[in-house]
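Participant: Quick one: the structure is below, questions incoming.
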Amino acid sequence: MSGETVRITLDAIDTKAETKAVSKAGGNIGAVVTFSGICRADEKGEKISALHLEHYPGMAEKEIESHVEKAKQRWPLLAASVVHRVGRIEPGEIIVFVATASAHREAAFQAAEFIMDYLKTSAPFWKRTEGGGREAWVDASEKDEDALERWK
Amino acid sequence: MSGETVRITLDAIDTKAETKAVSKAGGNIGAVVTFSGICRADEKGEKISALHLEHYPGMAEKEIESHVEKAKQRWPLLAASVVHRVGRIEPGEIIVFVATASAHREAAFQAAEFIMDYLKTSAPFWKRTEGGGREAWVDASEKDEDALERWK
Amino acid sequence: MKIVYFAWLRERLDKAEEDVELPSSVETIGDVMQWLKTRGEEYELAFDNPKVIRAAIDKTHVRPEAKIAGASEIAFFPPMTGG
Amino acid sequence: MKIVYFAWLRERLDKAEEDVELPSSVETIGDVMQWLKTRGEEYELAFDNPKVIRAAIDKTHVRPEAKIAGASEIAFFPPMTGG
Chain A
708 MSGETVRITL
718 DAIDTKAETK
728 AVSKAGGNIG
738 AVVTFSGICR
748 ADEKGEKISA
758 LHLEHYPGMA
768 EKEIESHVEK
778 AKQRWPLLAA
788 SVVHRVGRIE
798 PGEIIVFVAT
808 ASAHREAAFQ
818 AAEFIMDYLK
828 TSAPFWKRTE
838 GGGREAWVDA
848 SEKDEDALER
858 WK
Chain B
708 MSGETVRITL
718 DAIDTKAETK
728 AVSKAGGNIG
738 AVVTFSGICR
748 ADEKGEKISA
758 LHLEHYPGMA
768 EKEIESHVEK
778 AKQRWPLLAA
788 SVVHRVGRIE
798 PGEIIVFVAT
808 ASAHREAAFQ
818 AAEFIMDYLK
828 TSAPFWKRTE
838 GGGREAWVDA
848 SEKDEDALER
858 WK
Chain C
-19 MKIVYFAWLR
-9 ERLDKAEEDV
1 ELPSSVETIG
11 DVMQWLKTRG
21 EEYELAFDNP
31 KVIRAAIDKT
41 HVRPEAKIAG
51 ASEIAFFPPM
61 TGG
Chain D
-19 MKIVYFAWLR
-9 ERLDKAEEDV
1 ELPSSVETIG
11 DVMQWLKTRG
21 EEYELAFDNP
31 KVIRAAIDKT
41 HVRPEAKIAG
51 ASEIAFFPPM
61 TGG
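Residue numbers (the numbering used here), protein chains in the order written: chain A, 708 to 859; chain B, 708 to 859; chain C, -19 to 63; chain D, -19 to 63.
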């Protein structure tokens, strides 16, 4: 695979630049899939004014890289990029961005979903909500654990 | 669903503008998935200098719209956009772009794949290759027909 | 009846569309294909293998057994290769 | 041994990391959690329900039965909620 990026950043994610880097990674790319995980304006029905994202430096990158590596072993990827934001993120802003490139669409779709499913459950990031008069840590979702079943 | 676009165009596709339109469609968007189908530099092992895309005006839009509609019935989509290019397209350029938005990632991923799988097999577009000393119509792929099985 | 052709069918027939007077015995899409084959060598060649030809009536996919009564536009084309 | 805490564990203990001298009887991650609970009320509260606590040794996920021999950094944190 020619292009592979895993990055954690405090800054807004430039999806255009990230997508371009993946699309132009070389090889015979015929399909590029991107996923943007966006901060919603409410969490479990309560309005929030922002999310605060905390991570375990070093381990977060390592976990994501290991799942990008596993995706490369399962599908013929030509490039992949994962950028995760930390710090304060307002509704409408992107929390995580994944881009995958392959010769054909199935591999690109599957790899992006695989990377996201594992990122959600195994990469050490934690969300705290701001607003609604209180701050609270977001609970992990059982649905996210269940999503892993199909990759087993 | 607030935003829904189906468009066929002779011009290069502005993926940033399309993605933004879908991402900002309103509602409680938490996930945006995009797919870009890119013109490869070779087709079945032979180098090409371009693809020529022909379509059945009227029917092409209608077919895509009907599958966007079916996707909306199956998944809680908040927005969807499909732009398909026709005319001469060079390697590296985007042939088709799909963007889907939903509250959660699974719906956005599934709907984008569903729309692409049906677009490939039922939307009246045809590819002719240019280059390699000869021009030839691209054969339909059985793999594309097989991809529909999981939606049935 | 207006008939339209796409991709290599259009090329082999050297026309994108034509208006034809169909005999009343022609009732289905399959009949139309059979009838077109009697119209000359280029048609015979183009419709030689009906399995690789798809059809639409008024911009909706149909099977060879579909009735053409009430149609205003019939289309023939190869399997689609967009996206 | 360096121990690091994240999210609400960090908040409840009011510390992001600490260096501790573990007794030799503490051999597994589960033992570390049990031992930490003896260190005061805030630890007892934080480690009250071990099922909702995940652990890592040297930045790799481990289960409670994992041996800590050779570790240089142990981490405790709630289930992850990134992405």
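Ideal Cβ positions, reconstructed from N, Cα and C, are used throughout, including at glycine. Only a predicted model underlies this, so the values are computations on that prediction, with no experimental measurement involved.
At 7 Å on the CB atoms, spell out the chain C contacts of residue 828 (chain B), in chain order.
Facilitator: 60
Participant: With burial defined as no fewer than 16 other Cβ atoms inside 10 Å of the residue's Cβ, what is the status of residue 61 (chain C): buried or exposed?
Facilitator: buried
Participant: What does the Cβ neighbour count give for residue 764 (chain B), buried or exposed, with the cut at 16 atoms within 10 Å?
Facilitator: The Cβ neighbour count for residue 764 (chain B), taken over all protein chains shown within 10 Å, is under 16; the residue is labelled exposed.
Participant: On the three-state DSSP scale, how would you describe residue 849 (chain B)?
Facilitator: helix
Participant: Taking all protein chains shown into account, do 16 or more other C-beta atoms lie within 10 angstroms of the C-beta of residue 798 (chain A), making it buried, or fewer, making it exposed?
Facilitator: Buried, because 16 or more other Cβ atoms sit within 10 Å of the Cβ of residue 798 (chain A).
Participant: What are the residues in the region 726 to 746 of chain B lying within 7 Å of chain G by C-beta distance?
Facilitator: In the structure shown, chain G cannot be found, because the protein chains are A, B, C and D.
Participant: Smallest Cα separation from residue 715 (chain B): which of B:769, B:753, B:755?
Facilitator: For residue 715 (chain B), the closest C-alpha among the options B:769, B:753, B:755 is that of B:769.
Participant: Mind listing the chain B neighbours of residue 723 (chain A)? Cutoff is C-beta to C-beta under 9 Å, in chain order.
Facilitator: 722, 723, 726
Participant: Just reading off the alpha helix (DSSP H) that residue 773 (chain B) is part of, what are its end residues?
Facilitator: 766 to 781
Participant: If you follow the alpha helix (DSSP H) that residue -17 (chain C) is part of, which residue opens it and which one closes it?
Facilitator: It is not in any alpha helix (DSSP H) - residue -17 (chain C) instead sits in the beta strand (DSSP E) that spans -18 to -15.
Participant: Who are residue 818 (chain B)'s beta bridge partners in DSSP?
Facilitator: In the DSSP output, where bridge partners are listed per residue, residue 818 (chain B) has none listed.
Participant: Is it buried or exposed, residue 831 (chain B), if we count other Cβ atoms within 10 angstroms and call 16 or more buried?
Facilitator: buried
Participant: Any beta-carbon of chain A closer than 8 Å to the one on residue 772 (chain B)?
Facilitator: Residue contact check for residue 772 (chain B) against chain A: no CB pair falls below 8 Å.
Participant: With 16 as the cutoff for other CB atoms within 10 Å, does residue 780 (chain A) come out buried or exposed?
Facilitator: exposed
Participant: Can you find a CB in chain A that lies within less than 8 Å of the CB of residue 749 (chain B)?
Facilitator: yes
Participant: Residue 803 (chain A) and residue 725 (chain A): beta carbons closer than 8 Å?
Facilitator: no
Participant: Measuring CB to CB, does residue 757 (chain A) end up less than 8 Å from residue 786 (chain A)?
Facilitator: no
Participant: Rounded to whole angstroms, what's the CA-CA distance from residue 57 (chain D) to residue -12 (chain D)? Just pull it up for me.
Facilitator: Cα-Cα distance, rounded: 8 Å.
Participant: Please confirm whether residue 810 (chain A) has its beta-carbon closer than 8 Å to some beta-carbon of chain B.
Facilitator: Interface criterion met: the Cβ of residue 810 (chain A) is under 8 Å from a Cβ in chain B.
Participant: So, with DSSP's three-state summary, where would you put residue 61 (chain C)?
Facilitator: coil
Participant: So is residue 36 (chain C) in contact with chain B if we call contact Cβ pairs under 8 Å?
Facilitator: yes
Participant: Give the interface partners of residue 821 (chain A) over in chain B, defined as CB-CB distance under 7 Å, in chain order.
Facilitator: The premise fails here: residue 821 (chain A) is roughly 11 Å from chain B at the closest Cβ pair, so nothing lies under 7 Å.
Participant: Quick one: Cα of residue 815 (chain B) to Cα of residue 746 (chain A), how far?
Facilitator: 15 Å
Participant: Closer than 6 Å by C-beta to residue 10 (chain D): which residues in its own chain qualify, once you throw out the five before and the five after it? Chain order, please.
Facilitator: 44
Participant: Looking at the secondary structure, which residues open and close the beta strand (DSSP E) in which residue 808 (chain B) lies?
Facilitator: 801 to 809
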